[in-house]
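Structure first, then comments.
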Ligand code: HEM
């Protein structure tokens, strides 16, 4: 479950379900970096771009590496702990007082589906040779044409 949590976090770093999110200033304001915002101005933050920032994630930002979310807790027992990043670095669920209220519920549901499905089936991507999936950024993220897969029943469940 710890590794699954890290894998889901890593998937959403590269492919955030809400790729960009915007706000409109109710009053004049100044951002922490000194940027002046006037009443009515729109500001957006970009989890998709932030998840691919070398400054935030290092030179291996393009690699899918769930291990970047893990820390060895007990080497003798081979136990790992999940190390969360602060929500301002990883704003996939937004940050601050209006952070997503369903974050824990969403992780629980995703882990439930992953464990329930993968226990019995292999989910094999079914793209034709050489075809690469195309990411589409709408209000929420999509994949052009969906995600064709082949479901293979496992000989033995684990
Ligand atoms: C992977 C799944 C999810 C992602 C990436 C996600 C992401 C977000 C984001 C970015 C916001 C901020 C929207 C904004 O104010 O501009 C938000 C708000 C919210 N989310 Fe989620 N969400 C997810 C699943 C869920 C689930 C499963 C629930 C309910 C069980 C939920 C309930 C809420 C609620 C109530 C808010 C509004 C919070 C507020 O404005 O105070 N979310 N979510």
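In the numbering used here, the protein residues as written are 1388 to 1545.
Ideal Cβ positions, reconstructed from N, Cα and C, are used throughout, including at glycine.
- request: With the ligand HEM as the reference, list in chain order each residue whose Cβ lies under 5 Å from any of its heavy atoms.
  value: Here the residues come out as 1404, 1405, 1408, 1480, 1481, 1485, 1487, 1488, 1489, 1492 and 1493.
query: Okay, do the region 1448-1466 and the region 1394-1414 touch, 3+ Cβ pairs below 8 Å being the bar?
result: yes
Bounding residues of the beta strand (DSSP E) (the contiguous stretch that carries residue 1540): 1536-1540
- prompt: Is it a yes or a no for the region 1432-1449 touching the region 1476-1485, going by three-plus beta-carbon pairs under 8 Å?
  reply: yes
message: Is it buried or exposed, residue 1446, if we count other Cβ atoms within 10 angstroms and call 16 or more buried?
response: exposed
- request: Go through its chain and collect everything with a Cβ distance to residue 1388's Cβ below 7 Å, but skip five positions before and after it.
  value: Excluding sequence positions up to five before and after residue 1388, its CB lies within less than 7 Å of the CB of 1498, all in the same chain and listed in chain order.
message: For residue 1406, count the other beta carbons within 10 Å of its own beta carbon; 16 or more makes it buried, fewer makes it exposed. Which is it?
response: By the 10 Å Cβ count, residue 1406 comes out buried.
- request: Determine the closest residue to residue 1455 out of 1541, 1536, 1515 and 1438, with distance taken between C-alpha atoms.
  value: 1438
- request: Could you have a look at residue 1490 and say whether DSSP puts it in helix, strand or coil?
  value: helix
Cβ-Cβ separation, residue 1511 to residue 1391 (assumed contact under 8 Å), whole Å: Residue 1391 to residue 1511, Cβ: 19 Å. No contact.
- request: Note down the Cα distance separating residue 1522 from residue 1425, rounded to an integer number of angstroms.
  value: 34 Å
field: Opening and closing residue of the beta strand (DSSP E) in which residue 1397 lies
entry: For residue 1397, there is no enclosing beta strand (DSSP E); the enclosing alpha helix (DSSP H) has its first and last residue at 1389-1401.
field: Under 8 Å between C-beta atoms of residue 1528 and residue 1419
entry: no
field: Bridge partner(s) assigned by DSSP for residue 1467
entry: 1459
message: Taking only three categories from DSSP, how would you classify residue 1477?
response: coil
task: Step through the CB atoms of chain C and report whether any lies within less than 8 Å of the CB of residue 1511.
output: The question asks about chain C, but that chain is absent: this structure has only one protein chain.
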